[in-house]
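Trainee: The structure is given below, and queries will be raised subsequently.
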Amino acid sequence: DKVRVGSFNLYHKENSVVGEFTVGYDRSIAGSLRLEKLSLPDVSEMLDVQFPVKGRMSGEIKIGSSLAHPDIRADIAARDLEYEKFKSDQLTLALVYSGDKLGLNLDIKDKNEDVLTAVADATVKFDPEHMDRSIGQAVYKATIKSKGINISPLTAFNDEIQELDGKLAVDLVAEGTGNDPNITGRLELRDVTMKVLALRNKIQVDNAVMDMSGKYGTLRPVTIKTGEGEGVFEGRVDFRDLSYTGKGKMSGMLMKTYPADVTANLDGDIEVEGKFLNAFIKGNVKANNIQIVVPEKPLKEIESIKFIDEQDSNKEEFIFTGEKKEDFVEEFIALDLDVDIPRDSWVKGGGANIEVEGKLDINKNYKEPYLVTGSIDVIRGDYQFMG
């Protein structure tokens, strides 16, 4: 009346995972998995990860009761962890789930100092077919504290982030339900530097604070630096559905795009609203000191371009749709920007060396390429065609 795997051993180099598992025809279960010796660099090698995790892990996971109402207990320990710039010489995790009751205790230390502690208790129904509903109805209380944990491992969750460094300080108490959270405390970022795929210049944030109060988090005005100039931004998050609003003012904020070689200092006001990863950005922007370098050998193929003749010899009204590409910006970013291009803006390369001015409307829907419309005046310069 049972299907039983008496014992199984998984070996790779000097790593060992030992377990046993039994399933009854009445859907009862019993089993255990022991991590007797697990080298994280070897695991990283097996998974072919871009940035290997260093350290070693041991522990045991036990499961019992039934498939419909499992009891789970996990006790995990890790030593000498390193990933990117995150380090911890001691990590312990204890997790217990039984009869819809969940308990969690996480303790991360480095050099005998607390890096992060998290303690949580919850009542959550195990329902794999309706997990969204189960999480929304879960009743919980959690406390999370950290004087400063390195955030560089977050690069693993988004390919758009190429480099990341800085510390996150946490002092939070959260309770309520998934649909009706009540969170108090604050988050603080310190000495953050970031390199994203779409830009050639780095982003720097010396200090940013979000205050938590009930269902909302409020971002205090934070200064974002990009090498020249800066932008000051503030906003608010609704934890019930992870929606948010924000606004910012840019003062000579340097932007260097990649792979297109465009450099500009931005002035103006923008507003942001969105939900989870989706963000809609709108505003009025003045792009000063524009330098556009056209590659001698085009890196991208223009999908379509149309010119509309309005019988004005000095201006060309145009519509340009960018190349379709699967990336984070195309998937999750929408835009409605009015851009003013003043004099002393230059386009060079590809046979051109011209000064331009004009006005552009940049529009983009989620999961679609850019649509740029507007007018450009050629102030001076020269073209060289056909070599």
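Numbered by the working numbering, the letters in the sequence shown go through residues 149 to 535 in order.
Virtual Cβ for every residue (Gly too), placed ideally from N, Cα, C.
List the residues that DSSP assigns as beta-bridge partners of residue 91.
Mentor: Residue 91 lies beyond the stretch modelled for the chain, which goes from 149 to 535, so this question has no answer here.
Trainee: Between which two residues does the beta strand (DSSP E) containing residue 309 stretch?
Mentor: Residues 309-325.
Trainee: For residue 493, count neighbouring C-beta atoms within 10 Å of its own C-beta (all shown protein chains included) and say buried if the count is 16 or more, exposed if not.
Mentor: Looking at its Cβ environment, which holds 16 or more other Cβ atoms inside 10 Å, residue 493 is buried.
Trainee: Under the DSSP definition of a beta bridge, which residues are partnered with residue 213?
Mentor: Looking at the DSSP assignment, residue 213 forms a beta bridge with 218.
Trainee: Let me confirm a value: residue 195 is counted as buried when at least 16 other C-beta atoms fall within 10 Å, else exposed. Which label applies?
Mentor: Residue 195 should be labelled exposed.
Trainee: For the 8 Å Cβ check, are there 3 or more pairs between the stretch 235-255 and the stretch 210-227?
Mentor: The stretch 235-255 is in contact with the stretch 210-227.
Trainee: At the level of alpha carbons, what is the spacing between residue 489 and residue 434?
Mentor: The straight-line gap from Cα to Cα measures roughly 6 Å.
Trainee: With DSSP as the reference, identify every bridge partner of residue 274, one or two as the case may be.
Mentor: Residue 274 pairs with nothing; no bridge assigned.
Trainee: DSSP three-state call for residue 442: helix, strand or coil?
Mentor: Coil at residue 442, not helix or strand.
Trainee: Can the beta-carbon of residue 483 be found closer than 7 Å to that of residue 524?
Mentor: For residue 483 and residue 524, no; Cβs fall outside 7 Å.
Trainee: Could you tell me which residues DSSP pairs with residue 205 in its beta bridges?
Mentor: Paired residues: 186 and 226.
Trainee: Could you check which residue in 163, 201 and 212 has the C-alpha nearest to that of residue 169?
Mentor: Among 163, 201 and 212, the Cα nearest to that of residue 169 belongs to 212.
Trainee: Indicate whether residue 390 and residue 424 have their beta-carbon atoms separated by less than 7 Å.
Mentor: Their beta carbons are under 7 Å apart, which means residue 390 touches residue 424 by this criterion.
Trainee: Let me check understanding here. Comparing Cα to Cα, which of 247, 202 and 177 lies closest to residue 238?
Mentor: Comparing Cα-Cα distances from residue 238 to each of 247, 202 and 177, the minimum goes to 202.
Trainee: Mind checking who residue 511 pairs with in its DSSP beta bridge?
Mentor: Looking at the DSSP assignment, residue 511 forms a beta bridge with 484 and 519.
Trainee: Here's a check: name, in chain order, each residue in its chain whose Cβ is nearer than 8 Å to the Cβ of residue 437, leaving out the five neighbours to either side.
Mentor: If we look at residue 437 and ignore the five residues flanking it on each side, its Cβ neighbours are 411, 412, 413, 492 and 493.
Trainee: Let me check one thing: in DSSP terms, what residues is residue 234 bridge-paired to?
Mentor: Paired residues: 231.
Trainee: Please state the DSSP three-state secondary structure of residue 200.
Mentor: Three-state result, residue 200: coil.
Trainee: In chain order, what residues of the same chain have a beta carbon less than 6 Å from the beta carbon of residue 352, not counting five sequence neighbours either side?
Mentor: Counting only Cβ-Cβ distances below 6 Å, and skipping sequence neighbours, we find 341 and 373.
Trainee: Based on the DSSP output, what are the partners of residue 428 in its beta bridges?
Mentor: Paired residue(s): 421 and 482.
Trainee: Helix, strand or coil for residue 103 per DSSP?
Mentor: Since the first and last residues shown for the chain are 149 and 535, residue 103 lies out of range.
Trainee: Just how far apart, CA to CA, sit residue 155 and residue 275?
Mentor: Roughly 29 Å between the two C-alpha positions.
Trainee: Leaving out five residues before and five after residue 288 in sequence, what residues of the same chain have Cβ atoms less than 6 Å from its Cβ?
Mentor: Answer for residue 288: 270, listed in chain order.
Trainee: Helix, strand or coil, according to DSSP, for residue 356 in the structure here?
Mentor: Strand at residue 356.
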